[in-house]
Amino acid sequence: MKILLVDDDKVTLSLLEKSLRSQGHLIVSVSDGSQAWETVRKEHFDIVISDWLMPEIDGIELCKRIRGAGLDHYIYLILISSQDTRADIVNGLKAGVDDYLTKPINIEELKARVEIGQRIVTLEHNLKQRYQDLARNYYQTIHMFTQLLEVFDERLGGHCRRVGRLCLQMARVHPGVSDKQYAKVEAAGLVHDIGMVGLPPAVYSKPQVAQNAEEKQLYRSHPERGALILDQVDMLKPIAEIVRLHHEQYNGRGFPDSLAGEDIPLLAQLVSAASLYDDLRHIQGLSPDDIPEHLQRTRGYQLAPEMVDLLLEIHVELIEKEKSVNDLALKVGQLKEGMVLARNIYLKTGAFIMAADTKLTADAIEKLKHYVRLNAIADRVYVHKVSSRS
Ligand SMILES: [Fe+2]
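The opening position of the sequence shown corresponds to residue 1499 in our numbering, with each subsequent residue numbered one higher.
Below is the structure:
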């Protein structure tokens, strides 16, 4: 165990150090509460043994600070006191103290109390390990559902996978979503259309306007069907309600509950917005330039205005990122006939000289070389990666 000892009495400190080191513990010693607080914030300790009465930060205050620090591991706290009255002990327990030692310190008692601390810290460590295993299993289960969806229908599975990713991206920039909700909204996005499994292909592959009455009715049942599936697994219950509400609309004309405005839970609004965006880009295949206009049309109708703003912001980021992946930066001397410009070319003065999507001819390349020789353009031109391979 790594133990921090805190005492302004050098004799006590040396006695504690010696006996605990002989037990194989790693010991760090400091002589006051302020140093102890600084040290705890910088290093990982399993146990802190601190004197009660110290100037500035006393033992109780140190306990309060450690308990309030939101550390990612448990520290077992033992206070050393000569004030072993009932009132003192109650105050200490309220501040988060785990155990006491009274002066003069009995070494055998010290060892026994540290062993209790060691048991508690080990239990906490094992519990944390189990929790991490559980969290890993949770993610694996969710991803397995998405993979099953992909086997059932590749397009539907791909849609869910992208929506899960987008939900997480949106959640991270939305001020109303806490860190603890990220995994929940990502999971809901990954399986939001699971209720489509088992429905006839026409229900999920046809645009809604082309569906007959029966297909429409089945389509409208998929959020509730999905929620029913998820509700059967305890650890998936928290996302079932988000999935059930992912087709509600801001104007109250969605389904199944016709909720409106802020009555729609925020996480369900995020899944709904992410799903709509993915539908525009990857199912309907709209050009990135047309997306903003389509998103604006949903403002205050299908989506809350803040969701539209969030999507517009993320859309710009996604397009920039895709460009950087799909575009190849070349020096003008490396350009070849047939390559296609990925971005507009401007003079350093700002004047436009060549448009994105221009297929380069020998003349166009010569023109660009001329501009480079004049130092009128940057010697860095972006072409589509695909065109550079031909
Ligand atoms: Fe859906």
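All residues carry an ideal CB built from backbone N, CA and C; glycine is no exception. Values in this document were obtained by computation on a predicted structure and should not be read as measured data.
Leaving aside the five residues that flank Met1499 on each side, the residues in its chain whose CB is nearer than 8 Å to its CB run, in chain order, His1523, Leu1524, Asp1544, Ile1545, Val1612, Gly1615, Gln1616, Val1619. DSSP assignment within the region 1521-1605 yields the following whole beta strand (DSSP E) runs of 3 residues or more, N-terminal first: 1524-1528, 1545-1549, 1574-1579, 1597-1600. Within the DSSP bridge table, the entry for Tyr1844 names Phe1850 as partners. Here Val1595 has Cys1561, Leu1575, Leu1577 as same chain residues with Cβ atoms under 6 Å from its own Cβ, once five neighbours each way along the sequence are excluded. In the DSSP assignment, Arg1751 is bridged to no other residue. Annotation for Ala1711: the continuous alpha helix (DSSP H) segment containing it runs 1711-1729. Residue side-chain check: Pro1786 keeps its Cβ at 7 Å or more from all non-hydrogen atoms of ligand 1. Taken in chain order, the complete beta strand (DSSP E) segments of 3 or more residues contained in the region 1793-1844 are 1825-1828. Under DSSP, no beta-bridge partner is assigned to Tyr1637. Take Pro1803, set aside five residues on each side of it, and the residues of its chain with a beta-carbon closer than 7 Å to its own are Arg1797, in chain order. Annotation for Val1504: the continuous beta strand (DSSP E) segment containing it runs 1500-1504. If you compare the alpha carbons of Ala1854, Ile1817, Leu1625 with that of Met1837, the shortest gap goes to Ala1854. In terms of Cα proximity to Tyr1748, the closest of His1720, Leu1793, Met1733, Tyr1799 is Tyr1799.
His1780 is bridged by DSSP to nothing; it lacks a bridge partner.
Non-local beta-carbon contacts of Pro1786 in its own chain, meaning distances under 7 Å to residues more than five positions away in sequence, involve Ile1817 in chain order. With contacts defined by Cβ atoms closer than 8 Å, His1792 and Ala1766 do not form a contacting pair. For His1657, the enclosing alpha helix (DSSP H) starts and ends at 1652-1671.
Here His1744 carries a coil assignment [DSSP, helix/strand/coil]. DSSP, read as helix, strand or coil, puts Val1695 in coil.
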